[in-house]
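Below: the structure, in structure tokens.
Protein chains: 2
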Amino acid sequence: MKRICIDMDEVMADAVAEHLLRYNRDYQEQITRSDLHGKQIWDVVPTDRHSILEGYLLSEDFFGVLKVMPHAQRVIERLQQRYEVFIATAAMEVPTSFQAKYLWLGRHFPFISPSNIVFCGDKSILHADYLIDDNPRQLRRFQGEGILFSSHHNAGVTGYQRVEDWLDVEKLFLGGASV
Amino acid sequence: MKRICIDMDEVMADAVAEHLLRYNRDYQEQITRSDLHGKQIWDVVPTDRHSILEGYLLSEDFFGVLKVMPHAQRVIERLQQRYEVFIATAAMEVPTSFQAKYLWLGRHFPFISPSNIVFCGDKSILHADYLIDDNPRQLRRFQGEGILFSSHHNAGVTGYQRVEDWLDVEKLFLGGASV
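Going down the list, the sequences are from chains A and B. Under the UniProt record's numbering, think of the first position of the first sequence as 1, with each following residue one higher. Under the UniProt record's numbering, think of the first position of the second sequence as 1, with each following residue one higher.
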């Protein structure tokens, strides 16, 4: 059975939506996802407010409230019937997120066993056939086949099989939607 | 550069010493490490007290106070000069331990980058040449070469290259002690 690793932020969980929500609320701004095309949120927010952005990530309630990406639950549950599925998130970048990320997975993806969850830093450590990730830096280091999950910031990136959303993942790995 | 993964509990951190300390203190017992030869602590403690043992593991201050295994710091720092070193702990078994384990590593092994720390469940996910672990179940699933780190509970286990302590690890991977 082939093994697929799946990233969390911007792939399973909509972190940028929450980031924009908090920033727009606190600074009465109207930055939208389309303003971030080809960019990170850090590129469109003035440098002297970067510590505010970091503060959102470090706050205990950030990761817990993230919305699930459309169709992620149904498609991952289907993937489990044909593949060994692991969740692999670069949680070491935000150590305060461990507990919130673990609880979020349990709440929204109760069918994923804790033994198949990986909190790591450098994803070259993953022993898997595929990695679905929005971060080209992680895909470059991964030893298997990288699948680039489309996100505002990776708009211009080439060199990987790209999926636009979870329906695209379903098509790629399962040949289409279930009836 | 070859890659070595290193387990935490009973390899880098002396968890069983703290487990015995708390149990002996709370029940006025004198169980020693040698009483655990070939056994887990669960095998020598009456079943109706197993929830007490679990409670120790779940308490927030358990993993933070663990003693470092003799020579682990010096040998791991030396290993880093010749190998890529990752720390891989089955933290998903005790999700309350994430933060304490992370802080413990930072305090006692500040020379290990957070990007080289992995909290996982099933260690078959690790992409590495070697795994140094006291748990034969994890070594069986690991795809590289498993090195069994001697511990009271694995006394009778065969089928793996065995190291008795960190001096043994140093000899195996570096050919002996540094001058």
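Yeah, the Cβ is synthetic: ideal placement off N, Cα and C, and Gly gets one too. What you are looking at is a predicted structure, and each value in this text was computed from that prediction instead of being measured.
Helix, strand or coil at residue i according to DSSP, with G and I counted as helix
| i | result |
| --- | --- |
| residue 165 of chain B | coil |
| residue 31 of chain B | coil |
| residue 9 of chain A | strand |
| residue 43 of chain B | helix |
| residue 16 of chain A | helix |
| residue 2 of chain B | coil |
| residue 65 of chain A | helix |
| residue 59 of chain A | coil |
| residue 160 of chain B | coil |
| residue 50 of chain B | helix |
Span separating the alpha-carbon of residue i from that of residue j
| i | j | result |
| --- | --- | --- |
| residue 100 of chain B | residue 175 of chain A | 43 Å |
| residue 34 of chain B | residue 8 of chain A | 44 Å |
| residue 163 of chain B | residue 90 of chain B | 20 Å |
| residue 88 of chain A | residue 93 of chain B | 16 Å |
| residue 97 of chain B | residue 46 of chain A | 37 Å |
| residue 75 of chain B | residue 123 of chain B | 23 Å |
| residue 5 of chain A | residue 78 of chain A | 14 Å |
| residue 183 of chain B | residue 149 of chain B | Here chain B comprises residues numbered 1 to 179, so residue 183 of chain B is not present and cannot be evaluated. |
| residue 3 of chain A | residue 24 of chain B | 44 Å |
| residue 126 of chain A | residue 29 of chain B | 43 Å |
| residue 84 of chain B | residue 26 of chain A | 43 Å |
CB contact check: residue i to chain B, cutoff 7 Å
| i | result |
| --- | --- |
| residue 121 of chain A | yes |
| residue 160 of chain A | no |
| residue 143 of chain A | yes |
| residue 62 of chain A | no |
| residue 115 of chain A | yes |
| residue 136 of chain A | no |
Any chain A beta carbon closer than 7 Å to residue i
| i | result |
| --- | --- |
| residue 92 of chain B | yes |
| residue 110 of chain B | no |
| residue 118 of chain B | yes |
| residue 70 of chain B | no |
beta-carbon residue i near the ligand FMN non-hydrogen atom, thresh 6 Å
| i | result |
| --- | --- |
| residue 80 of chain A | As presented, the structure is devoid of all ligands, the ligand FMN included, so that no description of it is given. |
Only counting runs of 4 or more residues, tell me where the alpha helix (DSSP H) segments fall wholly within the region 74–155 of chain A, in order along the chain.
-> 98–108 and 136–141
Kindly confirm or deny that the region 104–117 of chain B and the region 130–143 of chain B touch, where touching means at least three C-beta pairs closer than 8 Å.
-> Proximity of the region 104–117 of chain B to the region 130–143 of chain B falls short of the contact definition, fewer than three beta-carbon pairs being nearer than 8 Å.
How do the region 67–87 of chain A and the region 48–56 of chain A stand: do at least 3 beta-carbon pairs fall below 8 Å, yes or no?
-> no
Is the region 122–138 of chain A touching the region 149–163 of chain B in the sense that three or more CB pairs, one from each, lie closer than 8 Å?
-> no
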